[in-house]
Amino acid sequence: MLLVDRICRYTAKYGDIHTAVEKAVTECIAENILADFLRRNRAEVVEVCIFEYDEKREKELI
Numbered sequence: 002m003l004l005v006d007r008i009c010r011y012t013a014k015y016g017d018i019h020t021a022v023e024k025a026v027t028e029c030i031a032e033n034i035l036a037d038f039l040r041r042n043r044a045e046v047v048e049v050c051i052f053e054y055d056e057k058r059e060k061e062l063i
């Protein structure tokens, strides 16, 4: 399962995008999915994922 799939699954489970992204990133690193990239760029990945999610939701609400 890819990072985006995990974020979607955990967002549905926890109802909080920040928790979902953090958990998905941690899990991907543990399973060696984009591990080097995620370790080096974790903060930026989390920020971008949360921003992208919010932007999509905002457009849906309009």
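With our numbering, the residue at position 1 of the sequence shown is 2, and numbering never jumps. Every residue gets a Cβ at the ideal spot worked out from N, C-alpha and C, and that includes glycine. These figures come from a predicted structure and were not determined experimentally.
For Lys14, the CB contacts under 8 angstroms within the same chain, skipping 5 residues up- and downstream, are Ala21 in chain order.
Per the C-alpha coordinates, the member of Ile51, Phe52, Thr12, Glu23 positioned closest to Arg40 is Glu23. Residue nearest to Leu3 within the set Glu48, Ala25, Phe52, Glu53 is Ala25 (criterion: CA-CA distance). Cβ-Cβ distances below 7 angstroms link Ile30 to Ala36, Leu39, Arg40 in the same chain, with the five nearest sequence neighbours on each side left out; the list follows chain order. The three-state secondary structure of Ile30, taken from DSSP, is helix.
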